[in-house]
Each structure stands twice: as structure tokens, then as C-alpha cells.
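Counting from 1, position 15 in the sequence shown corresponds to residue 50 in our numbering; the numbering is continuous, with no gaps. Glycine included, C-beta positions come from ideal geometry on N, C-alpha and C. Predicted, not measured: the structure shown is a model, and the values here were computed from it. This report concerns only the one structure given below.
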Amino acid sequence: MKLIKKTTLHYQDDRSNKIYEVELCKLGEDRYIVNFRYGRRSGKLKEGTKTDAGVILPKAQQIFDKLVREKVKKGYRDISETPPRETYPPPQETSAQTIAKADPRKQAIMQHLEGTSKSEWSLDRVIWRAGELKIAEATPLLIELIGRGRPLRDYCIAWALGWCGGEGAIPALMALYKNSSSPEFVSRISFEALLKLSDEPTRGELQNEIAENLPAEIRNLVIHGSAESLTKAAKERLKNGKQNDFTIIDRLYQINN
36 MKLIKKTTLH YQDDRSNKIY EVELCKLGED RYIVNFRYGR RSGKLKEGTK
86 TDAGVILPKA QQIFDKLVRE KVKKGYRDIS ETPPRETYPP PQETSAQTIA
136 KADPRKQAIM QHLEGTSKSE WSLDRVIWRA GELKIAEATP LLIELIGRGR
186 PLRDYCIAWA LGWCGGEGAI PALMALYKNS SSPEFVSRIS FEALLKLSDE
236 PTRGELQNEI AENLPAEIRN LVIHGSAESL TKAAKERLKN GKQNDFTIID
286 RLYQINN
């Protein structure tokens with residue numbers, strides 16, 4: 036692991052004398068992490084990390100800068116020594132610049148997601164288009180947008196992640212799917228995207244979880260019955276049931292056994 040950048044912050048008042056250190060480190064090829072340490076000055080510092088797994092450099096720099104800004108807003112001041120010039124990596128192309136060499140369409144989408152485009156194109160449409168073109172490099176930027184707009188935007192993000200895939204897509208989709216505050220239509224599309232990206236054992240676990248939420252007589256037929264008996268029971272329930280019973284159709288589609 037190689038130290039790329041470090042910021043040391045100090046906070047002092049009548050009752051406190053604290054240090055907060057933030058480090059950006061390189062793990063391997065295009066993998067970076069952000070660690071932090073904090074505690075009383077001249078005392079033993081506690082340690083933590085903001086990245087459980089390595090992320091790409093632009094994402095790591097974003098996390099690093101955000102953490103430093105948060106501490107400065109709370110009254111910390113930067114007391115870092117200027118590190119040697121050679122500890123900084125050479126300038127690297129942004130995701131949009133890299134993609135531009137291969138596909139100008141993808142370049143335009145990445146620039147819009149990175150906030151460097153002057154286009155007035157709808158962000159929701161840009162997100163959808165990223166999924167249509169399966170731009171794996173867009174995944175970190177899509178994840179960053181979750182929860183920052185209307186539920187319809189989260190729907191578009193979940194759909195796009197299902198096609199883009201890449202590191203972080205499955206945990207982000209699982210969080211959307213499991214979040215009790217997610218609207219039903221967002222949870223549903225998140226589940227569909229999870230099925231698309233998951234391996235066979237995980238897909239089976241997810242489908243079993245859905246089956247457990249079915250009415251008892253339908254659940255038993257899903258597990259033990261024939262297609263004909265399940266169809267008959269589902270039709271009968273829909274004929275005599277309430278409007279909410281139509282979610283059974285979604286559940287059977289998701290289980291798809």
C-alpha cells in the first residue's frame with residue numbers, strides 16, 4: 036500500500052485538543068482507499084476507513100475531499116506539511132476522457148454524470164441511456180446519485196445498474212431493495228436488477244425470499260404444485276381478491292421457476 040496524499044487537521048478549544056488525519060492510499064492497479072485516524076493530540080489515535088474495498092481514483096479523491104471539508108466546517112484547521120512532489124500520482128484521464136477515445140456517445144453521458152457537461156439533457160434520461168449502452172465505468176457515478184432526486188430517479192438508477200454492473204452495483208441495489216423507505220416500484224426494479232447480476236446461488240436465495248411473502252396457498256403451490264394448479268389458484272384469487280392481490284403476478288414473474 037502506497038500513501039498518495041495525507042491531510043492532518045487540528046481542533047482546539049477550552050475543552051478539546053484533537054487531531055484528525057485523512058489518508059489517500061493506493062492498493063493496486065487503479066484501486067485506492069481512504070483511511071482516517073482521530074483522537075486527542077499526542078495521544079493514541081483510533082483508526083477507521085471510508086472505503087471497505089478499493090475504489091477508482093476519482094471516487095477515492097471525492098471521498099477524501101468530502102471528509103476533509105466536513106471536518107473544516109466543524110472548526111478543524113489544516114496543519115498538514117506539504118508532502119514531497121513525487122508522492123502525488125501523475126495526472127490521469129477522467130472516465131469521460133478515457134471513454135471518449137472509443138465512443139463519443141459514452142463520453143457525452145459520462146461528462147453529464149460527472150457534472151462537467153453544459154448540456155440541458157434530462158439527468159434521468161442520461162442515467163437510462165448509460166444503462167442502455169452498458170457503461171460499466173458509469174457505475175460509481177450512478178451509485179453516488181442514489182437518493183438525490185425523486186423516487187423515479189432511483190428507479191432509473193436501479194435499472195441502469197442492472198445493465199452496467201461493475202463493482203459496487205450489487206450492494207447498492209441490495210440497499211435500495213431492502214430499504215423500507217423505498218417505494219414499491221423502486222424495490223421491484225432493484226430486485227430485477229439483482230437477479231440479473233447475481234450468481235445462481237444468490238439468485239435462488241432472493242427468489243426463495245420472494246416466495247416466503249406470498250399467500251400460504253399460493254406459496255405451497257409454487258414450491259410443490261404443478262404449473263396448472265398454480266395458474267388456477269392464482270386466477271381464482273385475483274377474481275375474488277382485492278386490488279393489492281395483483282402484486283402476486285409480479286412475485287410469480289420474479290420467482291420464475
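Item, Value
"Alpha carbon of residue 122 to alpha carbon of residue 39, nearest angstrom", "Since pLDDT at residue 122 reaches only 48, below the 50 mark, its modelled position is unreliable, and no value is offered."
"Nonlocal neighbours in the same chain, by C-beta distance under 6 Å from residue 191, ignoring five residues either side", "159, 162, 163"
"Chain B contact for residue 235 (CB, 9 Å cutoff)", "The structure shown has no chain B; it contains just one protein chain."
"Where the beta strand (DSSP E) containing residue 70 begins and where it ends", "66-75"
"Range covered by the alpha helix (DSSP H) that runs through residue 284", "282-290"
"Helix, strand or coil at residue 272 [DSSP, three-state]", "helix"
"Cβ-Cβ distance between residue 211 and residue 170 below 9 Å", "no"
"Opening and closing residue of the alpha helix (DSSP H) in which residue 174 lies", "174-179"
"Straight-line Cα distance separating residue 144 from residue 36", "33 Å"
"Residue 204 to residue 288 span [Cα, whole Å]", "22 Å"
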